[in-house]
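Take a look at the structure below.
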Amino acid sequence: MPGDFIPDQLVVGKFPYYDSYNNETRTTSVRLEGEGHLLTVAPTRAGKGQGQIIPALIDYISMVIVLDPKGENYEKTGLIRRQFGPVCKWAPFDEDGISDCFNPLDFVQSYEDAAEFATMAIVPSNANDPFWEASAREILAGFVHYVKTYLPKEQQTMFQVMRFTTARAAAKLVPELLVSDNLHLLQLGENLDGQSENLRASIFQTLRSQLQIWNSEQIARLPALRRQSYLQTHSF
6 MPGDFIPDQL VVGKFPYYDS YNNETRTTSV RLEGEGHLLT VAPTRAGKGQ GQIIPALIDY
66 ISMVIVLDPK GENYEKTGLI RRQFGPVCKW APFDEDGISD CFNPLDFVQS YEDAAEFATM
126 AIVPSNANDP FWEASAREIL AGFVHYVKTY LPKEQQTMFQ VMRFTTARAA AKLVPELLVS
186 DNLHLLQLGE NLDGQSENLR ASIFQTLRSQ LQIWNSEQIA RLPALRRQSY LQTHSF
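For the sequence shown, our numbering assigns the number 6 to the initial residue and increments by one for each residue that follows.
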């Protein structure tokens, strides 16, 4: 059963003490309150999970994000944490195929949103010439905007965006973009149309290398399983 439900206090361990009144040794929780950082260092299988992480997840009321590679924390505390609010399991590569889904394009409502997403998706490297990554961001923003503007809701995913991220696929899209009444898409078409084949191929190589994870079949199928996944992992 959950503990005392003390808001904003994190259980960091147990402290033994002698109860002289009852003539027995008892334990009390050691808690961290307020903002700050907490680091636990101990060898493998020393009990960090059982002694600290799982008790904290059972007891802590506020929202948490847990890095849980083994799935142990979700398995042992997911049901209890649902008393505090919705619990999401993001594990697209699990063999059981049960995972919630996160579609970043759900939050894109405008070209400005698409440009902001592209800025986050294309991670800066240590390259001396930022041209390739800047060009990749601009094209990605345009493709995301195109998908959000013209494709039906169920196809508004990064998997669909990735279909355009080859020089040949983009070239086929250019005629449609050049007659678009959407200024941003028209500019995208003019940009692509004015590039040489070699330049376009190099930009798209940068783009695809940064977005390769979105080609995964496991990632692609999650939006299609949105309702099933939600019901499986949010049973109240």
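Heads up, the beta-carbon is just placed ideally off N, CA and C, and yes, glycines get one too.
Since this is a predicted model, take the numbers as computed values, not measurements.
- prompt: Looking at C-beta atoms only, is the number of pairs between the region 160-170 and the region 140-151 that lie closer than 8 angstroms three or more?
  reply: yes
Pair within 8 angstroms by beta-carbon distance, Leu110 and Gln161: yes
message: Output needed for Tyr235: all residues of its chain with C-beta closer than 7 angstroms, excluding positions within five of it in sequence on either side, in chain order.
response: Low local confidence applies: a pLDDT of 38 at Tyr235 is under 50, so the model's placement there is unreliable, and no value is given.
message: Quick check: Ala96 and Gly76, are their CB atoms within less than 8 angstroms of each other?
response: yes
Minimum C-alpha distance to Gln223 - residue among Phe107, Asp134, Leu44: Phe107
message: Using a Cβ distance threshold of 8 angstroms, determine whether the region 112-129 contacts the region 196-207, with at least three qualifying pairs required.
response: no
- prompt: Checking contacts by CB at 8 angstroms: is Ile85 closer than that to chain C?
  reply: Note that chain C does not occur in the displayed structure, where there is just one protein chain.
- prompt: Going by the CB atoms, is the gap between Leu43 and Val17 shorter than 8 angstroms?
  reply: yes
message: Assuming the contact rule is C-beta atoms closer than 8 angstroms, Ser185 and Leu178 should be a hit. Round their C-beta distance to whole Å, please.
response: Contact flag wrong, Cβ pair sits at about 10 angstroms.
- prompt: Buried or exposed: His239, going by 16 or more other Cβ atoms within 10 Å of its Cβ?
  reply: Caution is warranted here: a pLDDT of 41 is assigned to His239, below 50, making its placement in the model unreliable, and the coordinate value is therefore given only provisionally. That one is exposed.
Burial state of Tyr79 (16 or more Cβ within 10 Å): buried
- prompt: Alpha carbon to alpha carbon, what distance is there between Glu100 and Ala175?
  reply: 35 angstroms
query: Taking the alpha-carbon positions, what's the Arg219 to Leu183 distance?
result: It is Trp, not Arg, that sits at residue 219 in the sequence shown. Near 27 angstroms, if we compare the C-alpha coordinates of Leu183 and Trp219.
message: Checking 8 angstroms against the spacing of the C-beta atoms, do Ile59 and Lys81 come in under that value?
response: yes
message: Taking only three categories from DSSP, how would you classify Thr154?
response: helix
field: Option nearest Gly41 by Cα separation, candidates Gln55, Thr49, Leu15
entry: Leu15
message: Here's a check: name, in chain order, each residue in its chain whose Cβ is nearer than 6 angstroms to the Cβ of Ser25, leaving out the five neighbours to either side.
response: none
- prompt: What do you get for Lys158, buried or exposed, if any count of 16 or more other CB atoms within 10 angstroms of its CB means buried?
  reply: exposed
- prompt: For Ser207, which three-state DSSP category applies?
  reply: helix
- request: Give me the Cα-Cα distance between His189 and Ala47, rounded to the nearest whole angstrom.
  value: 53 angstroms
- prompt: Excluding sequence positions up to five away, which residues of its chain have a Cβ less than 6 angstroms from the Cβ of Ser221?
  reply: none
message: Which residue marks the beginning of the beta strand (DSSP E) containing Gly18, and which one marks its end?
response: 14-24
task: Verify whether the separation of the beta carbon atoms of Ser130 and Glu143 is less than 8 angstroms.
output: no
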